[in-house]
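Numbering (the working numbering), first residue to last: 106 to 480. To start, the structure itself, in C-alpha cells.
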C-alpha cells in the first residue's frame, strides 16, 4: 500500500530506483551490499538531498580547511557546546508520516539504582501476531539525543513489519557518570527479557538496535548478555565501535580507504571530516577514561556475538568502524550483513521522508529480522 507523506522529498518510484542500484562489493573475504542515489552525479556522488541540509552546509565550510589546520581542531566540551550539540540532536529531520494504527505509549522501567528510565512503546495490532520486539537505542555521542526525532521512523518500521518497538531514553553523559547510559539499557533489556509477557512479546524474539552511539550501546548489550538467549540478533546503524582508534589490518586512520567522486572530492572530504572531528574528541571530557569491552568493542574479540546487521554511509568517518567490525565478525564465524549507502554521511534513520535511504534501511532491517526469525 502506498504511504502518504505531508512533505515527502521522494516518490515510491524513486525509492524503487534506489533499491535497484544495489550491487555487491568485495573487500578481501568480506562481501557486502552497496546502494546509491539514482540522481547523484555518479555511483560515488553525494546525495543531492544532503547538500541542502546541515551536513552539506558544514561540508562546504570544512572542505576549505587545509589538512594541517584540520588536524589541530579539537572539540572542547563545555556547557555551551553541549547545549548547541543537544539542540542539533533534538532537531526534527523527518517528514511527518500519515500512518494510521500505530500507537505510542510512554512508560518507565526502574534501574538498578532506582532511576525511572523513560521508554516509549510503538505498536499496532499486527504486533500481537509476531510477538517480536525491537529495542531501539538512540544516538547522540553519549551526551545528547532523545526519543522524538525517531518517532516517524519507528512508526514506519512498526507499520511495515508488525514488530513492536521500545525506545530507551537513557541517562546522558557527562551529568551522569559513565557507564550510566550502558547500565540503563542493560537494565531495560534485562527487565523486558524477564517479563516478556508483560510487554506482549516472546522472550526469544527480542532484537536490539541503535544508531551511532546507540549502536555502540546496542553492541554493548550483546556483549553483556553474550552466551545467553536474551538477544536474538542486533542491528547496528552507523555505530561507533572503535572510539579509541585501535589500528589493525582492517582499521586504518585517515581517509585513504574512501573512494570519492572526482568532481566532488573536496566537498566529500568535508562531509567525512564532520564525524572525524567527533571521533577525535578526547573522551575523558565526558568521563570515558579508558577503553573497555563496552565502549570500545573493536579492540576485543568478536566471537560469540549474535547475528548482526550493520549499515553506514560511505562518506561517514564511522564507515571504518562498520566495515572493520563486519570483517571481524565474519572472521569469528558470526552471521553478519553489511549495507553501505554511497553519497551519504552520518545519520539517516531519523530522516524518514527526506532521505529515501531512511526508508530503505528500515526495509533492510525488517528483512534481516524476518530472515533471523525464519531460521
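Cβ atoms here follow ideal geometry from the backbone N, Cα and C, with glycine treated the same way. Just so you know, these numbers come straight off a predicted model, no measurement behind them.
Whole-angstrom C-beta distance between residue j and residue i, which should lie under 8 Å
i, j, result
"residue 426", "residue 360", "Their Cβ separation, rounded to whole angstroms, is 14 Å, which puts residue 426 and residue 360 out of contact at 8 Å."
"residue 409", "residue 318", "23 Å between Cβ atoms; not a contact."
"residue 242", "residue 315", "4 Å"
"residue 379", "residue 450", "7 Å"
"residue 131", "residue 140", "Actually they do not touch by this definition, with Cβ atoms about 16 Å apart."
"residue 286", "residue 294", "Not quite, the Cβ-Cβ distance comes to about 13 Å (not below 8 Å), so this is no contact."
"residue 393", "residue 400", "6 Å"
"residue 260", "residue 204", "5 Å"
The alpha helix (DSSP H) enclosing residue i, as first and last residue numbers
i, result
"residue 154", "153-156"
"residue 414", "Taken as a continuous stretch (DSSP letters only), residue 414 belongs to no alpha helix (DSSP H), being part of the beta strand (DSSP E) at 413-418."
"residue 326", "318-329"
"residue 475", "461-478"
"residue 188", "184-195"
"residue 299", "285-299"
"residue 427", "424-436"
"residue 379", "370-384"
"residue 257", "256-266"
"residue 440", "Where residue 440 is concerned, there is no enclosing alpha helix (DSSP H), given that its DSSP letter is neither H nor E."
"residue 124", "117-125"
"residue 234", "232-235"
"residue 174", "172-175"
Cβ-Cβ distance between residue i and residue j below 8 Å
i, j, result
"residue 420", "residue 448", "yes"
"residue 348", "residue 388", "yes"
"residue 340", "residue 414", "yes"
"residue 254", "residue 198", "yes"
"residue 297", "residue 222", "no"
"residue 411", "residue 306", "no"
"residue 423", "residue 180", "no"
"residue 369", "residue 146", "yes"
"residue 444", "residue 476", "no"
"residue 182", "residue 226", "no"
"residue 143", "residue 156", "no"
"residue 246", "residue 356", "no"
"residue 406", "residue 396", "no"
"residue 455", "residue 186", "no"
Closer than 7 Å: residue i CB and nearest the ligand COA heavy atom
i, result
"residue 306", "By its list of ligands, the structure shown contains no ligand whatsoever, and the ligand COA lies outside what it can speak to."
Environment of residue i [buried if 16+ CB atoms lie within 10 Å]
i, result
"residue 116", "exposed"
"residue 303", "exposed"
"residue 269", "buried"
"residue 470", "buried"
"residue 367", "exposed"
"residue 256", "buried"
"residue 109", "Residue confidence is low: residue 109 scores 42 on pLDDT, short of 50, so the model does not pin down where it sits. Its coordinate-derived value is still stated next. Per the 10 Å Cβ criterion, exposed."
"residue 446", "buried"
"residue 391", "buried"
"residue 474", "buried"
"residue 460", "buried"
"residue 431", "buried"
"residue 282", "exposed"
"residue 212", "exposed"
"residue 472", "exposed"
"residue 457", "buried"
"residue 352", "exposed"
"residue 150", "buried"
Residue span of the beta strand (DSSP E) that contains residue i, given as start and end
i, result
"residue 241", "238-242"
"residue 213", "208-215"
"residue 166", "Per DSSP, residue 166 belongs to no beta strand (DSSP E); it is in the alpha helix (DSSP H), 159-167."
"residue 137", "135-140"
"residue 269", "269-273"
"residue 131", "128-132"
"residue 227", "221-228"
"residue 390", "Element bounds for residue 390: n/a, residue is neither H nor E."
"residue 338", "338-342"
Decide if the region 335-343 is in contact with the region 250-267; the criterion is three or more beta carbon pairs, one per stretch, under 8 Å apart.
-> no
Evaluate contact between the region 365-375 and the region 162-180, counting only Cβ atoms and requiring at least three cross-stretch pairs below 8 Å.
-> yes
Tell me, please, whether the region 426-441 touches the region 458-467 by the rule of three or more beta-carbon pairs shorter than 8 Å.
-> no
Count the CB pairs spanning the region 258-276 and the region 220-237 that are closer than 8 Å, and state whether there are at least three.
-> yes
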